[in-house]
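Undergrad:
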Amino acid sequence: MKKYLYKIFTDAGQKLNYLSEIYLSFDVPKIESHGDLSCNAAMLLSKKLKENPRKIAQEIISNLKLDNRIISKTEIAGPGFINFFFTPEFVTKITFDIISKCDFFGKSSKNKGKKANVEFVSANPTGPLTVGHGRNAVVGDTVANLLEWIGYTVDREYYFNNAGRQMRVLGDSVKLRYLQLLGKEILFPDDYYQGDYIKEIAKKIYKKYGDNLKDEQPEGKFKEITEVEIFEDIKNSLKRLGITHKIFYNENSLYDDGKINWLLDKYESLELTYKRDNATWLKLSKLGIEEDKVIVKSSGEPTYRLPDIGYHVTKFERGYDLIVDLFGSDHNATYPDVLAGVKALGYDDSKIKVLIHQFVTVLKKGEVVKMSTRKANYITLDELVEEAGSDVVRYFFNMRSVSSHMNFDLTLAKKQSDENPVFYLQYAHARICSIIKTVEEEKLKPSKDNLELLSSEEEQRLLKKLHLFEEEVLYSAENFEPHRICIYLEELAAAFHKFYHLHRILGSEKKLAEARLALAVATKIVIKNGLEILGVSAPERM
RNA sequence: GCCCACGUAGCUCAGUUGGAUAGAGCAACGGUUUCCUAAACCGUAGGCCACAGGUUCGAAUCCUGUCGUGGGUACCA
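Numbering-wise, the working numbering puts 277 at position 168 of the first sequence, and it's gapless, one number per residue.
Listed below in structure tokens is the structure:
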């Protein structure tokens, strides 16, 4: 529908030059009586042309060559909106389009041939994934899905670091638990990893090695085994949500292949570094950042900034057209340094899209659960998935905009009731499947021949909603906003239920029944496709 | 102190480059089933869009300030 109007306006633009001076857009009005699509061009132009917007609107309309088989009515309304009403016959053709595209309806080849990298989760293997990681994981995977739907080839990537102090403490935590198992009286420091999983790993090691490792350094076998164990857990947790990363990128490899030294040399030759207090500083103040920052500590060890920059350089070198990073808000101070550092090397930082999601507050029985990995006072992602199910977890994390703080009410998520919107969608899908089955027993087949019979209010509304899916996917993907798909689907399901409630398929005259059946099939396709983007299942019965 | 995000119905949240009368779900109250799934549908009620200024034809949306919430502000990541 929009496409048609764009074309008509472009044609009219040959006579009305001023149309090319504004950003032409068509919106679905909030109020149905305002038409199917509305254009505010006249109001945008009134300032430039110093003319009454309603007068301009009149001039625009009289220059549009509208096909009355497609547009039934135009009007000038309010301060100068131009409203367009489409003919019911044109609207019913939507069904045909959806059924013929089927699983592909909503997909576009707009970015065909382009490569995208979506980096998400990226938690270091120091413990099980928590609820907070869950939001990151689900949103990241869904953003990747969306990009695939608009044509990108997407690599899902996980960046981690298994060196450094954090991991040493981890290895040592396991060793202490191990020594405790051997019967030694050892004080376990407060700032060590307190979680039960540490004890579990220690137990496993004890089972396998007995007391043979009592003199082993914590950085050796203990760290090694612990890392493997925890990473297996993390991968399994993600798998339960249907998430698989293609690439696991280890920070260490940046040292091994000389990237870090290369970077340092590069910055030095660009005269962007200096020494102070025995540390190496990067002149970020020359790159649009407020203060300079340390990139190599006085101990000789780089800070996280240097490998982070090096890592992003590899993403450019690996030929990605779009680079998406998804972080929790606790990282919001770090990425500007990285972007500036990358840009200084001559890379196009506009290819990098940094998404910051806000924190998740977990409520249990109405009370806030405070979280700390170190203290092991947290709810794991596994617990969440186990209690609520993968579909609910994915839907909950997807249904809020990334920038909003969200409450995850565990007590509510566990309730498999109508307080859970995901069931509303799944129910609509199951209902349609059931209808199709029942109706087919009556020897009715969905037919595209008499679609013009779908002329009732509810049918027309449903059709228009279905039509918007393609646009909605494109918009969600380009703006990295998975939650829009949830909102869309809920509205679609509501439109379907209303249709279902008032109009029968079985018992209607054959031609009408077959047209309605086609409409139901089209709805089923769109719900299924939408849920697929979200990574939520579309059950055939409930 | 400074930086980032947020503040919309009782609760959880939408609100598309600034658009017409601010929306949904849940909770509350009332109604609908001899009929393809009632996990549904219909109706009622619920608002100073945190507050105060500014920008303009027009602001929940943009700018400034105040208050509140979360996060950050290391030679931790």
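We put the beta carbon where it would ideally sit given N, CA and C, even for glycine.
#1: Which same chain residues end up closer than 8 Å to T489 when comparing Cβ atoms and leaving out the 5 residues on each side of it in sequence?
#2: Quick one: what does DSSP say E652 is sitting in, helix, strand or coil?
#3: Just checking my contact of K557 with T196 at CB under 8 Å: how many whole Å lie between their CB atoms?
#4: Over what stretch of residues does the beta strand (DSSP E) that includes F385 continue unbroken?
#5: Quick one: using the 10 Å Cβ neighbour count with 16 as the cut-off for buried, is H514 buried or exposed?
#6: Identify the continuous alpha helix (DSSP H) that holds A150 and give its terminal residues.
#7: Considering only the beta carbon of each residue, do I131 and K157 sit closer than 9 Å?
#8: With a CB to CB cut of under 6 Å and the five nearest residues on each side skipped, what residues in its chain are close to Y413?
#9: Can you grab the Cα-Cα spacing for the pair P648 / K637, in whole Å?
#10: Is there contact between the segment 224-233 and the segment 428-438, where contact requires at least three CB pairs shorter than 8 Å?
#11: Helix, strand or coil: which one does DSSP assign to R265?
#12: Tell me the rounded alpha-carbon separation between D320 and L291.
#13: Are the segment 558-568 and the segment 598-615 touching, with three or more C-beta to C-beta distances below 8 Å?
#14: In the segment 331-375, which residue ranges form an unbroken alpha helix (DSSP H) of at least 4 residues, counting only runs that do not cross its ends?
#15: Near R625, what residues of its chain come up, given a Cβ to Cβ distance below 6 Å and the 5 sequence neighbours on each side ignored?
#16: So what does V433 bridge to, in DSSP terms?
#17: Going by beta carbon distance, what residues of the same chain come within less than 6 Å of Y376, once the five residues before and after it are set aside?
#18: According to DSSP, is L146 part of a helix, a strand, or is it coil?
#19: Please classify F118: does DSSP put it in a helix, a strand, or coil?
#20: State yes or no: is the C-beta of P234 within less than 9 Å of the C-beta of F340?
#21: Per DSSP, which residues does V478 bridge with? Please list them.
#22: Among A604, T353, E380, D176, which one has its Cα closest to the Cα of G450?
TA: Taking the coordinates as given:
#1: P237, L238, T239, V240, S346
#2: Because the chain in this structure spans residues 110 to 651, residue 652 falls outside the shown range and cannot be described.
#3: Going by Cβ atoms, the distance from K557 to T196 rounds to 18 Å, so no, they are not a contact pair.
#4: The sequence as given places Arg at residue 385; Phe does not occur at that position. That run of the beta strand (DSSP E) goes 382-385.
#5: exposed
#6: 150-158
#7: yes
#8: none
#9: 9 Å
#10: yes
#11: strand
#12: 7 Å
#13: yes
#14: 332-349, 361-365
#15: I614
#16: V227, K462
#17: T382
#18: strand
#19: helix
#20: yes
#21: V471
#22: E380
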